[in-house]
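Colleague: Chain order of the listed sequences is S and L.
Using our numbering, the final residue of the first sequence is 296, and nothing's skipped along the way.
Using our numbering, the final residue of the second sequence is 297, and nothing's skipped along the way.
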Amino acid sequence: MASYAYYPGCTLYTKARELDLSARKALAVLGAELEEMPAWVCCGAIYNTADDDFAGRIGATRNIVRASALGDTLVTLCAACYNVLKRAKARIDDPANAVERERVLNFIDEPYEREVRVVHYLDVLRRDIGWDAVKAKVAKPLAGLKLASYYGCLMVRPAAVLDFDDPEDPQVMDELVRALGAEPVRFDFKTECCGGYLVVNRKDVARESSARVLENARAWGADAVITTCPLCQYNLDRLRDRDGLPVLYFTQLLGLALGLEPDELGFDNCAVDPRPMLAEKGLL
Amino acid sequence: MSKPPSVSPLVRSIEALSGQVIADCYQCGCCTAGCPIGEAMDPPPSKAIRLLQLGRAGELLDSEGIWLCASCMVCGTRCPRGVDYALIAEACRAVVLRRPVRSGRVGPETVTDEDCEEIPQQAFMASFRKFSG
Ligand code: SF4
Ligand code: SF4
Numbered sequence: 013m014a015s016y017a018y019y020p021g022c023t024l025y026t027k028a029r030e031l032d033l034s035a036r037k038a039l040a041v042l043g044a045e046l047e048e049m050p051a052w053v054c055c056g057a058i059y060n061t062a063d064d065d066f067a068g069r070i071g072a073t074r075n076i077v078r079a080s081a082l083g084d085t086l087v088t089l090c091a092a093c094y095n096v097l098k099r100a101k102a103r104i105d106d107p108a109n110a111v112e113r114e115r116v117l118n119f120i121d122e123p124y125e126r127e128v129r130v131v132h133y134l135d136v137l138r139r140d141i142g143w144d145a146v147k148a149k150v151a152k153p154l155a156g157l158k159l160a161s162y163y164g165c166l167m168v169r170p171a172a173v174l175d176f177d178d179p180e181d182p183q184v185m186d187e188l189v190r191a192l193g194a195e196p197v198r199f200d201f202k203t204e205c206c207g208g209y210l211v212v213n214r215k216d217v218a219r220e221s222s223a224r225v226l227e228n229a230r231a232w233g234a235d236a237v238i239t240t241c242p243l244c245q246y247n248l249d250r251l252r253d254r255d256g257l258p259v260l261y262f263t264q265l266l267g268l269a270l271g272l273e274p275d276e277l278g279f280d281n282c283a284v285d286p287r288p289m290l291a292e293k294g295l296l
Numbered sequence: 165m166s167k168p169p170s171v172s173p174l175v176r177s178i179e180a181l182s183g184q185v186i187a188d189c190y191q192c193g194c195c196t197a198g199c200p201i202g203e204a205m206d207p208p209p210s211k212a213i214r215l216l217q218l219g220r221a222g223e224l225l226d227s228e229g230i231w232l233c234a235s236c237m238v239c240g241t242r243c244p245r246g247v248d249y250a251l252i253a254e255a256c257r258a259v260v261l262r263r264p265v266r267s268g269r270v271g272p273e274t275v276t277d278e279d280c281e282e283i284p285q286q287a288f289m290a291s292f293r294k295f296s297g
């Protein structure tokens, strides 16, 4: 079984457990496993950009250095961890930032030798496993289900550094949706911000941004929205005061399609329970 | 091509912290049009940059707009001139937050117990890193 060094981050063992659990279980069905990297530290949850803010990037860089001792690939699942770790690595590897590199690596004082790629779980599905192999393992095709793949900000921007997908019209989750037998819906707000961390002190603003995403997905005929970011899931699912569209992690529906028991997939953690909708579609 | 130096030292330090060239902006408004917070943000991205072009950095640093950026990176993605306002807003906040007076917008004391229970910690980390000194 292929094994990947895995960076879970702070939210995936607590408020987004179901993302971590469903992702691991689904990957096991596909013949691979995630092995938590030892001694990881918080990535910082957002990338600090001020040119001289070396300290603000040390945590993320420390993870890169430690991961480089384990292998050539580090898998992330949380969109924020993916964004921050990948940007921190690009920063430290850029010859234009030689001063920062030297000072930060001296401070961390652990060997950074090997090239290590920061990838997202979706990269593993797309590149290493492949859609045909995913399709071959589908035990319960999600026929009749229309899904809006919501990428938000952190998976796709800044595009030059992340190089993950088209920053205006990304496709990877839509490809997965198709492989699972469901129907991807086109909608306008695939990469529109949910309001992100503004939920902490400007809930009004975050609520408005999130509501726009849900309403747009609804208008295009989606039965549910899928995401890979705990904060997008929270803002869309919990801040709403109107629309009832379910908001799930893509891994939960991946698990369902691969034949895992619905009870194992953490559906009860959603504020708007997706199970009645799934039952109506004959999928539970 | 070399750029004329910015007039105000404050604008020069914002340019240094952000790595952006304020004079590159030609005020097309794409950033503001795409900003998901643009309606609530005062000044919105293009207007904020205009203030810097006019040497009125103080007005921007005193504004609420720089504290409403969600770092969604749409403005920089869509700018036809390669200007990234998210980095400029962060530089402005850095200038304010590094002053000796306390000026952060968030902290443990601004969070209710209920929000602490509910909101993913990812949001607290991000918010505190962007909005507290
Ligand atoms: S999109 Fe770029 S050039 Fe246009 S107003 Fe905004 S910063 Fe200036
Ligand atoms: S990064 Fe900030 S200013 Fe730029 S579009 Fe997003 S919220 Fe608006």
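Glycine included, every Cβ here is placed at the ideal spot set by N, Cα and C.
Quick caveat, the model's predicted, so the values are computed rather than measured.
1) Let me know the secondary structure DSSP gives E273(L) once reduced to three states.
2) Does R126(S) come out as helix, strand or coil in the three-state DSSP assignment?
3) Report the CB separation of R242(L) from G198(L) in whole angstroms; it is logged as a contact under 8 angstroms.
4) Could you please tell me which residues of the stretch 170-181 of chain L, in chain order, have their CB closer than 7 angstroms to any CB of chain S?
5) How do the stretch 123-132 of chain S and the stretch 80-92 of chain S stand: do at least 3 beta-carbon pairs fall below 8 angstroms, yes or no?
6) Excluding the five sequence neighbours on either side, which residues of its own chain have a C-beta within less than 8 angstroms of the C-beta of R262(L), listed in chain order?
7) Spell out whether any CB of chain S is found under 7 angstroms from the CB atom of I230(L).
8) If the criterion is Cβ atoms closer than 7 angstroms, does the pair P368(S) and V173(S) meet it?
9) Residues of chain S with CB under 8 angstroms from V270(L), in chain order?
10) On a Cα-Cα basis, can you pick out the residue from P244(L), A180(L) and M289(L) that is closest to A62(S)?
11) Compare the C-alpha of V197(S) against each of V212(S), K27(S), A151(S) and L157(S) and name the closest.
12) Where do the N-terminal and C-terminal ends of the beta strand (DSSP E) with Y246(S) fall, by residue?
13) Confirm the yes/no value for this check: CB of I76(S), any heavy atom of ligand 2, distance under 6 angstroms.
14) Using only the heavy atoms of ligand 1, determine whether one of them is closer than 6 angstroms to the beta carbon of C282(S).
15) Which class does V354(S) belong to by DSSP, given the choice of helix, strand or coil?
16) Determine the burial state of P209(L): buried for a count of at least 16 other Cβ atoms within 10 Å of its Cβ, exposed for fewer.
17) Examine the Cβ distances between the stretch 204-221 of chain L and the stretch 143-152 of chain S and report whether three or more of them are shorter than 8 angstroms.
18) For chain B, check one thing: does any of its Cβ atoms lie closer than 7 angstroms to the Cβ of P244(L)?
19) Threshold first: 3 residues or longer. Then list the beta strand (DSSP E) segments lying entirely within the stretch 228-259 of chain L, N to C.
20) Is the closest heavy atom of ligand 2 to the C-beta of Y249(L) under 6 angstroms?
21) Pick from L226(S), S34(S) and V111(S): whose alpha carbon is nearest that of P20(S)?
22) Should S182(L) be listed as close to ligand 2, given that the test is whether its C-beta is under 6 angstroms from any heavy atom?
23) Residues bridged to A160(S) by DSSP?
24) Could you list the residues in the stretch 187-201 of chain L with a C-beta less than 8 angstroms from some C-beta on chain S, going in chain order?
25) Report the CB separation of A72(S) from L97(S) in whole angstroms; it is logged as a contact under 8 angstroms.
26) For P200(L), which three-state DSSP category applies?
27) Is it true that the CB of F279(S) sits closer than 7 angstroms to the CB of L286(S)?
28) Within 6 angstroms: the Cβ of P209(L) and any heavy atom of ligand 2?
29) Compute the Euclidean distance between the alpha carbons of Y163(S) and E204(S), then round it to the nearest angstrom.
30) According to DSSP, is V259(S) helix, strand or coil?
31) Out of curiosity, what's the CA-to-CA distance linking V225(S) and K294(L)?
32) Over what stretch of residues does the alpha helix (DSSP H) that includes E180(S) continue unbroken?
33) Residues bridged to P196(S) by DSSP?
34) Under a CB-based cut-off of 7 angstroms, is K27(S) close to chain L?
35) Could you have a look at L46(S) and say whether DSSP puts it in helix, strand or coil?
36) Check whether the Cβ of A197(L) sits closer than 6 angstroms to any heavy atom of ligand 2, and report yes or no.
Modeller: Per the coordinate set shown:
1) Taking the first residue of the second sequence as position 1, residue 273(L) is located at position 109. E273(L) falls in the helix class under three-state DSSP.
2) In the first sequence, counting from the first residue as 1, residue 126(S) sits at position 114. Coil at R126(S), not helix or strand.
3) The residue given as residue 242(L) occupies position 78 in the second sequence. The residue given as residue 198(L) occupies position 34 in the second sequence. The pair is a contact, with the Cβ atoms about 5 angstroms apart (cut-off 8 angstroms).
4) A180 and L181
5) yes
6) The sequence position of residue 262(L) within the second sequence is 98, counting from 1. Cβ neighbours of R262(L) beyond the five flanking positions: G297.
7) Counting from one through the second sequence, the residue named residue 230(L) turns up at place 66. No - not a single Cβ of chain S is within 7 angstroms of the one on I230(L).
8) The structure shown has nothing for residue 368(S), since chain S only spans 13 to 296.
9) Residue numbering aside, residue 270(L) sits at position 106 when the second sequence is read from its first letter. The answer, in chain order, is V212 and N213.
10) The count along the first sequence starts at 1 and reaches residue 62(S) at position 50. Minimum Cα distance to A62(S) is reached at A180(L).
11) Position 185 of the first sequence holds residue 197(S). Of the candidates V212(S), K27(S), A151(S) and L157(S), the one whose C-alpha sits nearest the C-alpha of V197(S) is L157(S).
12) Here residue 246(S) is taken as the residue at index 234 of the first sequence, counted from 1. Not the beta strand (DSSP E): Y246(S) falls in the alpha helix (DSSP H), residues P242 to R250.
13) Your numbering for residue 76(S) matches position 64 in the first sequence. Flag unset: Cβ of I76(S) not near ligand 2.
14) Residue mapping note: residue 282(S) aligns to position 270 of the first sequence, counting from 1. The answer is no for C282(S).
15) With chain S covering 13 to 296 only, the question about residue 354(S) has no answer from this structure.
16) Here the question's residue 209(L) lines up with position 45 in the second sequence. So P209(L) counts as buried.
17) no
18) Note that chain B does not occur in the displayed structure, where the protein chains are S and L.
19) Segments of the beta strand (DSSP E) lying fully in the stretch 228-259 of chain L: there are none.
20) By 1-based counting over the second sequence, the position of residue 249(L) is 85. Within the cutoff, so yes.
21) As a first step, residue 20(S) must be located in the first sequence, where it is residue number 8. Closest by alpha carbon: S34(S).
22) Translated into positions along the second sequence, residue 182(L) becomes position 18. False, no ligand heavy atom lies under 6 angstroms from that Cβ.
23) Taking the first sequence and counting its residues from 1, one reaches residue 160(S) at position 148. Answer is V237(S).
24) P200 and I201
25) Numbered from 1 along the first sequence, position 60 holds the residue referred to as residue 72(S). Numbered from 1 along the first sequence, position 85 holds the residue referred to as residue 97(S). Correct: roughly 5 angstroms between the Cβ atoms.
26) In the second sequence, the residue the question calls residue 200(L) occupies position 36. Correct three-state label for P200(L): coil.
27) To locate residue 286(S), count along the first sequence from 1; it is residue 274. To locate residue 279(S), count along the first sequence from 1; it is residue 267. Residue identity differs from the one stated: residue 286(S) is Pro in this sequence, not Leu. Taking 7 angstroms as the Cβ cut-off, P286(S) and F279(S) qualify as a contacting pair.
28) By one-based count along the second sequence, residue 209(L) stands at place 45. Answer for P209(L): yes, Cβ within range of ligand 2.
29) Translated into positions along the first sequence, residue 163(S) becomes position 151. Translated into positions along the first sequence, residue 204(S) becomes position 192. Going from the Cα of Y163(S) to the Cα of E204(S) covers about 8 angstroms.
30) Taking the first sequence and counting its residues from 1, one reaches residue 259(S) at position 247. Correct three-state label for V259(S): strand.
31) For the purposes of this step, residue 225(S) is identified with residue 213 of the first sequence, where counting begins at 1. For the purposes of this step, residue 294(L) is identified with residue 130 of the second sequence, where counting begins at 1. So the two alpha carbons sit approximately 24 angstroms from each other.
32) As a position in the first sequence, residue 180(S) is number 168, starting the count at 1. First-last for E180(S): undefined, no H or E at that position.
33) Within the first sequence, numbered from 1, the residue matching residue 196(S) stands at position 184. BP columns for P196(S) point to L159(S).
34) Position 15 of the first sequence, counted from the first residue, corresponds to residue 27(S). Yes, because at least one Cβ of chain L sits closer than 7 angstroms to the Cβ of K27(S).
35) Along the first sequence, one-based indexing puts residue 46(S) at 34. Three-state result, L46(S): strand.
36) Taking the first residue of the second sequence as position 1, residue 197(L) is located at position 33. Checking every heavy atom of ligand 2 against the Cβ of A197(L), none is found closer than 6 angstroms.
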